[in-house]
Amino acid sequence: MNPCQPCTHAVPSNQNTSAVQYRECPVARLPFEQSFILAFSPRPHLQIPVMGSSMVDLLIINLSNGRWAWRQVRPVPSPERNSLFMQASSLRLRRTRTLVAALLAGLTLLTCLAGCGKSESSSSSKGSGPLQVVASINQWQSLAVDLGGDQARVDTILSNTSTDAHDYEPTTADIARISRADLVIVNGAGIDDWAAKAAETGQAKLVDVSKASGRRTGDNPHLWFSSQDRRAAAKAVHEAYRQLRPGRDADFDKAYQDWQDRQARLDNLIADTRKQTQGRHYAATESAAYYLCHDLGMEDLTPEGYLRAAANESEPSPEDLVAFRHLLTSGRLDMLVLNTQEVNRTSKELAAEARKSHLPVFEISEQRPDKYRNLEDWISALVQQVPGAKA
């Protein structure tokens, strides 16, 4: 049977069908006559009774804009025509019968997309075409391109330097791309949980850079700025390629060696620059550059209270701001690091205060700018732009 044939289930008269074209997909069936709703989990066929009392994880899709989010909800009955309403403190979508119908339609559409894409993914992993690879962020996309060569077709979900990976909500098209992939590469450490969760809807091999490098949720998640973590990521992706396409080991090994040679040149540049930057002090409006500055032997003097507030995405206290401003004018710092993707009124004021005090401001983004071909080119340019580094 075609995996996306129209559903043949009879729909009870007390269900609101005006906004829904019900369809059936073998990846996830929606038997409405039994009052079930689909709850996503690592087991794609798991179905949870709507009238149950336990909390369930539900994928909420807003079909008007394609955005989605995972929410933990407690399904409850409504006295009006057995309509279903979701109780969740963080639920942003409207609690209406139309929404419930739209959610069910969206869930069916999503799983149909996943089901219909299996044949493409399966054929590529068996060697009849390039491996289908999806990276959550463009930093690891460039790494996957360099290591995969013509044996991998690599896509990325986030590539714009104005987009914050922490708060991104993927569209249904993003989820479909992930579900069809042979290999999914995520950063981990809490920066792109949405991508790892979406990968559970498919059967792709998953490379989590944070796990490959021994990091944990709560660690600084900007792993691409760390030489150690870049090497761990490259090793994990290389091994994944070899497992998915064993007949091309020689090609993958050559690409991996070429990457290691480029990384070695970058490490040499960092080592040479560290001779000048070792022991220098900096403060940062946000912690994106921590690993890069650490590799350069620099010490972070950002006030602890401000650091905690920035990590929690909350406003720093007046006392924290006073301490930061005093630090900027104290003469103890060699530069202020400004994350251009996390700019707000406070960070702008701190940068202005630094410039007023003739303190160099080192601007850095989280996403790799398009003008750099790969991760190594970008990091090399940043190292040479660090105040105090040789020209």
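Each residue of the sequence shown is one higher than the one before, counting from 1352 in our numbering. Every residue gets a Cβ at the ideal spot worked out from N, C-alpha and C, and that includes glycine.
Are there 16 or more other CB atoms within 10 angstroms of the CB of GLU1502, so buried, or fewer, so exposed?
-> Just to set this straight, residue 1502 is Gln in the shown sequence, not Glu. Classification for GLN1502: buried.
Closest by C-alpha distance to ASN1663, when choosing among GLY1682, HIS1645, GLU1693 | GLU1693
Are PRO1711 and THR1512 touching if we call contact CB-CB under 8 angstroms?
-> no
Taking only the alpha-carbon atoms, compute the straight-line gap between PRO1572 and ARG1566 and give it to the nearest angstrom.
-> 8 angstroms
Can you have a look at ARG1673 and say buried or exposed, based on whether 16 or more other CB atoms are within 10 angstroms of its CB?
-> Per the sequence shown, residue 1673 should be read as Val rather than Arg. Exposed, by the Cβ-count rule.
Mind checking if ALA1527 is an interface residue toward chain E, Cβ cutoff 8 angstroms exclusive?
-> Here chain E cannot be found, since the structure has a single protein chain.
Among all the DSSP beta bridges, which residues are the ones paired with VAL1558?
-> ILE1536
Could you tell me the distance, in whole angstroms, from the CA atom of THR1691 to the CA atom of LEU1643?
-> 16 angstroms
Measuring CA to CA, which of GLU1717, ILE1529, ALA1527, TRP1545 is closest to TYR1347?
-> Given that the chain is displayed from residue 1352 to residue 1742, the structure contains no residue 1347 and the question cannot be resolved.
So, helix, strand or coil for ASN1746, using DSSP?
-> Since the first residue shown for the chain is 1352 and the last is 1742, residue 1746 is missing from the structure and cannot be characterised.
Start and end residues, beta strand (DSSP E) containing HIS1632 | 1632-1635
Leaving out five residues before and five after ARG1582 in sequence, what residues of the same chain have Cβ atoms less than 6 angstroms from its Cβ?
-> none
Is THR1697 closer than 8 angstroms to PRO1667 when the C-beta atoms are compared?
-> yes
Taking the C-alpha atoms as reference points, what is the distance between VAL1734 and THR1624?
-> 7 angstroms
At what residues does the beta strand (DSSP E) containing GLN1483 begin and finish?
-> 1482-1488
Helix, strand or coil for ILE1508, going by three-state DSSP, please let me know.
-> strand
Helix, strand or coil at ASP1728 according to DSSP, with G and I counted as helix = helix
Do you know whose CA, among ALA1546, LYS1699, THR1653, lies nearest HIS1677's CA?
-> THR1653
For VAL1712, the residue or residues it bridges with in DSSP = LEU1687
Round the Cβ separation of LEU1301 and ALA1660 to the nearest angstrom and send it over; I've been treating them as touching at under 8 angstroms.
-> No information on residue 1301 is available, as it lies outside the stretch 1352 to 1742 that the chain covers here.
Which same chain residues, not among the five before or five after GLY1656, have their C-beta less than 8 angstroms away from its C-beta?
-> PRO1667, SER1668, GLU1670, ASP1671, ALA1674
If you draw a straight line from the alpha carbon of THR1523 to that of ILE1488, how long is it in whole angstroms?
-> 17 angstroms
Using the Cα positions of SER1578 and GLN1490, report the straight-line distance between them to the nearest angstrom.
-> 13 angstroms
Mark ARG1724 as exposed unless 16 or more other C-beta atoms lie within 10 angstroms of its C-beta, in which case mark it buried.
-> exposed
Taking the C-alpha atoms as reference points, what is the distance between LYS1548 and ILE1529?
-> 10 angstroms
Distance between ASP1618 and ALA1732 (C-alpha atoms, nearest Å) | 13 angstroms
What residue range is occupied by the uninterrupted alpha helix (DSSP H) comprising GLN1608?
-> 1600-1628
Inside the region 1568-1602 only - beta strand (DSSP E) runs reaching at least 3 residues = none
Leaving out the 5 sequence neighbours to the left and right, which residues in its chain are closer than 7 angstroms to GLY1500 when beta-carbon positions are compared?
-> ASP1602, ALA1606
Are GLN1492 and THR1507 close, meaning C-beta to C-beta below 8 angstroms?
-> yes
Compare the Cα-Cα distances from VAL1505 to each of ASP1651, ARG1631, GLY1480 and report the closest residue.
-> GLY1480
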